[in-house]
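Visitor: The sequence shown runs contiguously to residue 258 in this note's numbering.
Glycine included, C-beta positions come from ideal geometry on N, C-alpha and C.
Model, not experiment: these values are computed from the prediction.
Can you keep this structure in mind? I'll have questions shortly.
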Amino acid sequence: MDRKCRDYLWRSSEEKRKVALVSWEKLCIPKKNGGLNIKSCKKWNVASVGILIWQLTKKEDTLWIRWVHGLYMRGDQNIWDHKPPAGCSWYWRKLNSVKAEMKDWFNSTTYHVVKLEAVDLIWNSTMLPRHRVIVWLANQDRLLFKERPARLQIHIGNNLCCLYDDAKEETSSHLFSECKWITELRLIIEQWPGIHIQSMGVGKSLVWMKRRHWSKLKKEIAEAIWGAMIYHTWRERNSKLFKDENVNREIIVT
């Protein structure tokens, strides 16, 4: 089931496999921590079985606990050190196989969770859904820029930005903050709402808008405008790179 969900998200199939831009483990964490809050069927199953292990660990006084101790755990007081006997049932072997995944979590006293500062601006209701996804991927630095193969020492030939003939390497910082294409687009769009957005990287721009002493509505409008610029810049880049098509900036603005 998890695989079907992954294939649906990245539009992958048996005939045409596509690269997953973000790991499945990261997709399953909450949105405030950088994921998409997708429920992993495997983790859900582990959590469900883990309730039984928790009851065994706490030695709760239930009929099932007494039955397990009388049948399988004679003389074993600790479920973590218990080894299932050879003639045990299938479900008892499976329950014990889950122990390894839960032991480190059970013995841990602290849990470190990274919370992104301005992630709520990405998932605001003002921005279009397709814009949110591209901004989310850009904030994770998971878009397939030309610099990524270069970092992996994979030769791709021309790694220059294709939107403007200024001989600059295509990176996230260049495409979304330094490139003349998005700079000129921003100057045109900012004239309409009268909201100035500083030219920085995706993550820094999110934090900058989050820290402004603006009303919630103004922040959401600014984020929606900025998200649209990120989306259309990425779309124009792909059209230019793969289809050799140019899109007029005035068409995007209208």
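Helix, strand or coil for glutamate 173, going by three-state DSSP, please let me know.
Guide: Of the three classes helix, strand and coil, the one that applies to glutamate 173 here is strand, per DSSP.
Visitor: Rounded to whole angstroms, what's the CA-CA distance from valine 139 to aspartate 108? Just pull it up for me.
Guide: Rounded to whole angstroms, valine 139 to aspartate 108 spans 35 Å at the Cα level.
Visitor: Taking Cβ positions, are leucine 167 and arginine 239 nearer each other than 8 Å?
Guide: Contact flag unset, no.
Visitor: Given this structure, state the Cα-to-Cα distance separating isoleucine 199 from aspartate 169, to the nearest angstrom.
Guide: Cα to Cα, isoleucine 199 sits roughly 29 Å from aspartate 169.
Visitor: First and last residue of the alpha helix (DSSP H) that includes arginine 216?
Guide: Careful: arginine 216 lies outside any alpha helix (DSSP H) and carries neither H nor E.
Visitor: How would you label histidine 217, buried or exposed, when you count the other beta carbons within 10 angstroms and need 16 or more for buried?
Guide: Classification of histidine 217: exposed, given that the 10 Å Cβ count is below 16.
Visitor: Can you give the beta carbon distance from glutamate 151 to glutamate 173, rounded, assuming they're within the 8 Å contact cut?
Guide: At roughly 6 Å, the Cβ-Cβ gap stays under 8 Å, so glutamate 151 and glutamate 173 are in contact.
Visitor: Select from Glu105, Ala122 and Thr61 the residue whose C-alpha is nearest the C-alpha of tryptophan 207.
Guide: Position check: residue 207 holds glycine in this sequence, whereas tryptophan was assumed. Ranking the options by Cα distance to glycine 207, first place goes to Ala122.
Visitor: Given aspartate 6, which residues of its chain have a CB within under 7 Å of its CB, disregarding the five upstream and five downstream residues?
Guide: Here the set comprises Trp28, Ser44, Cys45 and Lys46.
Visitor: Grab the span of the alpha helix (DSSP H) containing threonine 61 for me, first residue to last.
Guide: Segment 45-62, the alpha helix (DSSP H) holding threonine 61.
Visitor: Based on Cα-Cα distance, which residue from Arg146, Leu147 and Cys183 lies nearest to leucine 164?
Guide: For leucine 164, the nearest C-alpha among the options comes from Cys183.
Visitor: Measuring alpha carbon to alpha carbon, tell me which of Leu132, Ser129 and Val50 ends up nearest asparagine 100.
Guide: When each option's Cα is compared against that of asparagine 100, the closest is Val50.
Visitor: Would you kindly work out how many angstroms separate the C-alpha atoms of asparagine 250 and threonine 237, rounded to a whole number?
Guide: Near 11 Å, if we compare the C-alpha coordinates of threonine 237 and asparagine 250.
Visitor: Flag this pair as touching only if the stretch 218-235 and the stretch 129-139 have three or more C-beta atom pairs under 8 Å; answer yes or no.
Guide: Yes, they touch.
Visitor: What ranges does the alpha helix (DSSP H) occupy inside the stretch 103-157, keeping only unbroken runs of at least 4 residues that lie completely in it?
Guide: Whole alpha helix (DSSP H) segments, 4+ residues: 103-111, 123-126, 133-143 and 151-155.
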